[in-house]
Amino acid sequence: MGLSFLLISQIKIKPSMENILRPVWKKVFNFNWKFGLFLILVVCLPRFALVLDANATKNYGYIGLVMVVSALAPFIFLTRKGLKEIGITKPKNYRWLLIGFFIGLIISLLLFYLGDYIYGDTFNNWYNYIGRSYNIPPDIGKEDKVAMFLIMAVTGMVFSPIGEELFFRGIVHSSFAKSIGDRKASLVDSLAFALTHISHFGLVFVGGGWNFLLLPTIIWVLGMFMASIFFFASKFYSGSILGAILCHSGFNLGMIYCIFYML
0 MGLSFLLISQ
10 IKIKPSMENI
20 LRPVWKKVFN
30 FNWKFGLFLI
40 LVVCLPRFAL
50 VLDANATKNY
60 GYIGLVMVVS
70 ALAPFIFLTR
80 KGLKEIGITK
90 PKNYRWLLIG
100 FFIGLIISLL
110 LFYLGDYIYG
120 DTFNNWYNYI
130 GRSYNIPPDI
140 GKEDKVAMFL
150 IMAVTGMVFS
160 PIGEELFFRG
170 IVHSSFAKSI
180 GDRKASLVDS
190 LAFALTHISH
200 FGLVFVGGGW
210 NFLLLPTIIW
220 VLGMFMASIF
230 FFASKFYSGS
240 ILGAILCHSG
250 FNLGMIYCIF
260 YML
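Number 78 in numbering that gives the first Met the number 0 belongs to position 79 of the sequence shown; there are no gaps in the numbering.
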């Protein structure tokens, strides 16, 4: 975690941006921390509830809708200049796209080994619990497993990274950055991202009932927070939101690989 904070400590705070909301929204909002908080509440709270419901019912159809809404939020609220301000632009450092991808991959592997070392093959292990949602048949053949892995990997590397990064490292981060600067805003969007993921692991549905796993949840949230800091660092050093997306994609690829082949 020290390395992640070292990276963001080198980030210079940007000057305040003008109100880059579309004219229709300027009548209601200013582009500042209050708008960012509004987005977090409107998107993350329903998402939290939908993920919990999906974990209990095994119906994950609405989760994709949440990712679509998250991805569309910048385009709904921001002007063309606003989209550029939040990082939807051509990368300035293509090397950092590759670096970010491998950073995300490494973080996911480290989280696997940590969970496996502490909790082994139990539901206290975050990847073990999340892996239940993949519904991998225990007697699946090798070829079918490869095909299923590829489908899940491609889906996981595309949809959630695009939706979550455009939202958290894009419009939410930039709205807070106008009020408190990039460094502090990266802490806010990372915390929001990490706490939102308690619905994926932490508050778990096992044996027909809900349980809150305090210590595993703390470790999981810290892991998601650290990953988020690196997602933002990849965006900053690449000069584009694509850096955050690829870092996130690398993380998801590592997690899915661990679930399929290392649990």
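For every residue, glycine included, the Cβ atom is placed at its ideal position computed from N, Cα and C.
Residue i - DSSP class collapsed to helix/strand/coil
{"i": "Gly208", "result": "strand"}
{"i": "Val27", "result": "coil"}
{"i": "Leu245", "result": "helix"}
{"i": "Phe122", "result": "coil"}
{"i": "Asp115", "result": "helix"}
{"i": "Gly180", "result": "coil"}
{"i": "Gly169", "result": "helix"}
With 16 other Cβ atoms within 10 Å as the buried cut-off, status of residue i
{"i": "Arg46", "result": "buried"}
{"i": "Thr56", "result": "exposed"}
{"i": "Asp188", "result": "buried"}
{"i": "Pro14", "result": "The predicted position of Pro14 is uncertain, since its pLDDT is 46 and thus under 50; a value taken from the coordinates is nonetheless stated next. Flag for Pro14 reads exposed."}
{"i": "Ala72", "result": "buried"}
{"i": "Lys91", "result": "exposed"}
{"i": "Ser248", "result": "buried"}
Close Cβ partners of residue i (< 7 Å) along its chain, the five nearest in sequence each way excluded
{"i": "Ile117", "result": "none"}
{"i": "Asn251", "result": "Gly155, Met156, Ser159, Pro160"}
{"i": "Asn31", "result": "Ser174, Lys177, Ser178"}
{"i": "Leu324", "result": "The question about residue 324 has no answer here: the residues shown for the chain are numbered 0 through 262."}
Beta-carbon proximity of residue i to residue j, cut-off 9 Å
{"i": "Val65", "j": "Val42", "result": "yes"}
{"i": "Ile240", "j": "Arg182", "result": "no"}
{"i": "Asp138", "j": "Met261", "result": "no"}
{"i": "Phe100", "j": "Leu245", "result": "yes"}
{"i": "Ile102", "j": "Arg21", "result": "no"}
{"i": "Phe229", "j": "Ile87", "result": "no"}
In DSSP terms, what residue i is bridged to
{"i": "Leu77", "result": "Leu20"}
{"i": "Leu202", "result": "Phe211"}
Cβ shell of residue i (< 6 Å), same chain only, five flanking positions each side left out
{"i": "Phe148", "result": "Phe259"}
{"i": "Gly222", "result": "Leu110"}
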